[in-house]
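Trainee: Each residue of the sequence shown is one higher than the one before, starting from 122 at the first, in our numbering.
First, the structure itself, so that you have it in front of you.
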Amino acid sequence: MQQAIAAGPKEQTDVIVIGAGSAGYNAAITAKQAGAKVILLEKAPFSGGNSMLAAGGMNAAGTAQQKAHHINDSVQSFINDAMKGGRYANDPKLVEILAKQSADGIKWLESMGVNMDDLKRSGGASVDRTHRPHGGLSVGPTIIQHLRKAADKFGVETRLNSRAEKLVVDDNQQIVGVVVHGKHSGYYLLAAKSVVLSTGGYGYNKQMIAYYRPTFQGMTSSNNITATGDGITLAKAIGASMTDIDWIQAHPTIGVDSRILISETVRGVGAIMVNQQGSRFINELTTRDRASDAILKQPGRFAWLVFDNQLYKKAKMVRGYDHLKMLKKADSVAELAKLTGMVPNTLEQTVSNYNSYQKSGDDQAFHRDNMPLNLTQPLITR
Ligand SMILES: Cc1cc2nc3c(=O)[nH]c(=O)nc-3n(C[C@H](O)[C@H](O)[C@H](O)COP(=O)(O)OP(=O)(O)OC[C@H]3O[C@@H](n4cnc5c(N)ncnc54)[C@H](O)[C@@H]3O)c2cc1C
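Laid out in structure tokens, this is it:
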């Protein structure tokens, strides 16, 4: 690496973007559209990072899609929900930027050819604000597929298998380049006027998790193997300070003994969550941290998501879980209880109560305010 620095820049460009996930593609395409010469570096042999795993959708307020569905939302309501969900520990300025620019974010994706017409409600939101492609397509793969095409179309030079190893600074501590390790080309130095770090998080880096958030040590991760916090290491090496670096979100639902995240869509579209007895124990659409904490307090530290054939037909991803043999299916609630080891009377009572709450629109047990479906149509198993 030192030799590459000593040899001087192999190439000069306007902008280097490090990391080809959705943030990196966004930066690279936007810089290119503004007339800059851009090189997009990606360490993996594939682009997409965690972005291509996103399965729920993207939150945005005041969009054309919401208007078309007569959903009354506002930037302020998004801010309120986000602050509340973050227990007011969030940086209000960043939340404001997120909320204010969210509708434009959807428009930008549409300009890249991504359809974001479907809407659903996610945990902690007071209205249907989560946008995703129509027809049940998963949001992350769809976005990445379109951004890959758009980057090619606009002439962004994307280099796969190209890991940023070091940020190079001049005497004034200005970043002037990046040392890259190309799988086939070895180390070389790229000089640039601007460098964008979009290397994602550290959710797949066990050492970093143990260091920054010891309470999550050893927890399974649904993250892509690319999420190893390289950007944090690169930035720290040149003296960057870190803010809120210990904040990791544990997603409440993941397949038992697997790394497969069960999207929030399943609850948002209508599933209830019950414990091993067959009782609900929380508003399924509360914030993720509260839902995770509540699950960990149940016997065995796990929960079941219970839904019926209506949801199976509506949420395409559930058919994917079925394909992976993750579902237990039964023709009746009592039979489902037997199959899963729950208490039949309890589960039957839970389902019957929920159906009456759903009908009246008043969840007397946990005040869930969005109950799109009842649980009345068994999954046909024979
Ligand atoms: C299973 C799962 C489901 C999710 N679902 C949702 C959802 O429904 N809605 C939602 O809003 N969010 C969701 N998220 C979160 C969301 O996916 C991330 O917040 C978002 O994708 C981050 O985008 P990014 O571009 O910053 O990072 P990433 O998409 O992770 O991209 C970072 C890229 O940088 C590359 N890289 C890293 N280090 C280097 C290096 N040294 N040199 C070169 N390249 C490097 C990586 O290989 C990767 O391609 C989900 C996350 C996961 C894991």
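Glycine included, each C-beta is placed from N, C-alpha and C at the ideal position.
With a CB to CB cut of under 8 Å and the five nearest residues on each side skipped, what residues in its chain are close to ARG388?
Mentor: Residue 388 sits at position 267 when you count from the first residue of the sequence shown. The residues are GLY244, THR374, MET394, GLU405, LEU406 and LEU426.
Trainee: In three-state terms, what does DSSP make of PRO465?
Mentor: Translated into positions along the sequence shown, residue 465 becomes position 344. If DSSP states are grouped into helix, strand and coil, PRO465 belongs with the helices.
Trainee: Should THR349 and TYR325 be called a contact, given that it needs their Cβ atoms to be closer than 8 Å?
Mentor: Looking up residue 349 in the sequence shown gives position 228. Looking up residue 325 in the sequence shown gives position 204. Yes.
Trainee: Whole alpha helix (DSSP H) runs in the segment 302 to 389 with 4 or more residues, listed along the chain?
Mentor: Counting whole runs of 4 or more residues, the segment 302 to 389 contains the alpha helix (DSSP H) stretches 327 to 333 and 351 to 358.
Trainee: Using only the heavy atoms of ligand 1, determine whether one of them is closer than 7 Å to the beta carbon of ARG284.
Mentor: Here residue 284 is taken as the residue at index 163 of the sequence shown, counted from 1. ARG284 Cβ: within cutoff of ligand 1.
Trainee: Tell me whether ALA157 sits in a helix, a strand or coil according to DSSP, three-state version.
Mentor: As a first step, residue 157 is located in the sequence shown; it is residue number 36 there, counting from the start. ALA157 falls in the coil class under three-state DSSP.
Trainee: Decide if the segment 136 to 156 is in contact with the segment 256 to 271; the criterion is three or more beta carbon pairs, one per stretch, under 8 Å apart.
Mentor: They touch, by the three-pair rule.
Trainee: The alpha helix (DSSP H) spanning ILE264 covers which residue range?
Mentor: Here residue 264 corresponds to residue number 143 of the sequence shown, with the count starting at 1. That run of the alpha helix (DSSP H) goes 260 to 275.
Trainee: Under the criterion of a Cβ to heavy atom distance below 7 Å, does LEU281 qualify as lining ligand 1?
Mentor: Reading the sequence shown from its first residue, position 160 is the one you call residue 281. It does not: the Cβ of LEU281 is nowhere closer than 7 Å to a heavy atom of ligand 1.
Trainee: Output the residue ranges of the beta strand (DSSP E) runs that lie fully inside the segment 401 to 429 and measure 3 residues or longer, sorted by chain position.
Mentor: Counting only runs of 3 or more, we get 425 to 427.
Trainee: How should HIS252 be labelled, buried or exposed, when 16 other C-beta atoms within 10 angstroms of its C-beta is the threshold for buried?
Mentor: Residue numbering aside, residue 252 sits at position 131 when the sequence shown is read from its first letter. HIS252 should be labelled buried.
Trainee: According to DSSP, what are the bridge partners of ARG505?
Mentor: The structure shown does not extend to residue 505, since the chain is modelled only from 122 to 503, so the question has no answer here.
Trainee: Pair every Cβ in the segment 334 to 345 with every Cβ in the segment 293 to 303, then say whether three or more of these pairs are closer than 8 Å.
Mentor: No, the segment 334 to 345 is not in contact with the segment 293 to 303.
Trainee: Is ARG503 helix, strand or coil when you go by DSSP?
Mentor: In the sequence shown, residue 503 corresponds to position 382, counting from 1. Legend: pLDDT at ARG503 = 49, less than 50; position of this residue unreliable, value from coordinates given subsequently. Looking at ARG503 - three-state DSSP - the assignment turns out to be coil, as it is neither helix nor strand.
Trainee: Along the chain, where does the alpha helix (DSSP H) containing ARG440 start, and where does it finish?
Mentor: Walking along the sequence shown from the start, residue 440 turns up at place 319. Its alpha helix (DSSP H) spans residues 437 to 444.
Trainee: Could you tell me the boundaries of the beta strand (DSSP E) in which GLN133 lies?
Mentor: Mapped onto the sequence shown, residue 133 falls at position 12. GLN133 -> beta strand (DSSP E) spans 132 to 139.
Trainee: LEU538: beta carbon under 7 Å from a heavy atom of ligand 1?
Mentor: Here the chain covers residues 122 to 503 and nothing more, so residue 538 does not appear.
Trainee: Considering only C-alpha positions, which residue in the set LYS188, ALA182 and PRO262 is nearest to LEU504?
Mentor: Given that the chain is displayed from residue 122 to residue 503, the structure contains no residue 504 and the question cannot be resolved.
Trainee: What is the DSSP secondary structure of LEU215, reduced to helix, strand or coil?
Mentor: Within the sequence shown, numbered from 1, the residue matching residue 215 stands at position 94. Three-state result, LEU215: helix.
Trainee: For chain C, find out if any of its Cβ atoms is closer than 8 Å to the Cβ of VAL316; answer yes or no.
Mentor: In summary, chain C is missing from the structure at hand, where a single protein chain is found.
Trainee: Between the C-alpha atoms of LYS449 and TYR442, what's the straight-line distance to the nearest angstrom?
Mentor: The residue labelled residue 449 in the question sits at position 328 within the sequence shown. The residue labelled residue 442 in the question sits at position 321 within the sequence shown. Distance between the alpha carbons of LYS449 and TYR442 is about 11 Å.
Trainee: Just reading off the beta strand (DSSP E) that ILE192 is part of, what are its end residues?
Mentor: Numbered from 1 along the sequence shown, position 71 holds the residue referred to as residue 192. Unbroken run through ILE192: none, as it is neither H nor E.
Trainee: Taking only three categories from DSSP, how would you classify LEU448?
Mentor: By 1-based counting over the sequence shown, the position of residue 448 is 327. Three-state DSSP puts LEU448 in coil, outside helix and strand.
Trainee: Spatial neighbours of PRO130 within its chain, please: C-beta separation below 8 Å, excluding the five flanking residues on both sides.
Mentor: In the sequence shown, counting from the first residue as 1, residue 130 sits at position 9. Hits under 8 Å: GLY298, LEU310, LEU311 and ALA312.
Trainee: Taking only three categories from DSSP, how would you classify ASN474?
Mentor: Stepping through the sequence shown from its first residue, residue 474 is reached at position 353. ASN474: helix per DSSP, three-state reduction.
Trainee: Helix, strand or coil, according to DSSP, for LEU494 in the structure here?
Mentor: On the sequence shown, position 373 is the one that residue 494 refers to. Of the three classes helix, strand and coil, the one that applies to LEU494 here is coil, per DSSP.
Trainee: ASN474 and THR497: beta carbons closer than 8 Å?
Mentor: Position 353 of the sequence shown, counted from the start, is the residue given in the question as residue 474. Position 376 of the sequence shown, counted from the start, is the residue given in the question as residue 497. Cβ atoms of ASN474 and THR497: not closer than 8 Å.
Trainee: With 16 as the cutoff for other CB atoms within 10 Å, does LYS241 come out buried or exposed?
Mentor: What you label residue 241 is simply residue 120 of the sequence shown in a count that begins at 1. By the 10 Å Cβ count, LYS241 comes out buried.
Trainee: Between ALA163 and ligand 1, is there a pair consisting of the residue's CB and a ligand heavy atom that are separated by less than 7 Å?
Mentor: Taking the sequence shown and counting its residues from 1, the one referred to as residue 163 is at position 42. The sequence as given places Glu at residue 163; Ala does not occur at that position. Checking the Cβ of GLU163 against ligand 1 gives yes.
Trainee: On the three-pair Cβ rule with 8 Å, is the segment 350 to 363 touching the segment 166 to 184?
Mentor: Verdict: no, contact absent.
Trainee: GLY169: beta carbon under 7 Å from a heavy atom of ligand 1?
Mentor: One-based indexing of the sequence shown puts residue 169 at position 48. The answer is yes for GLY169.
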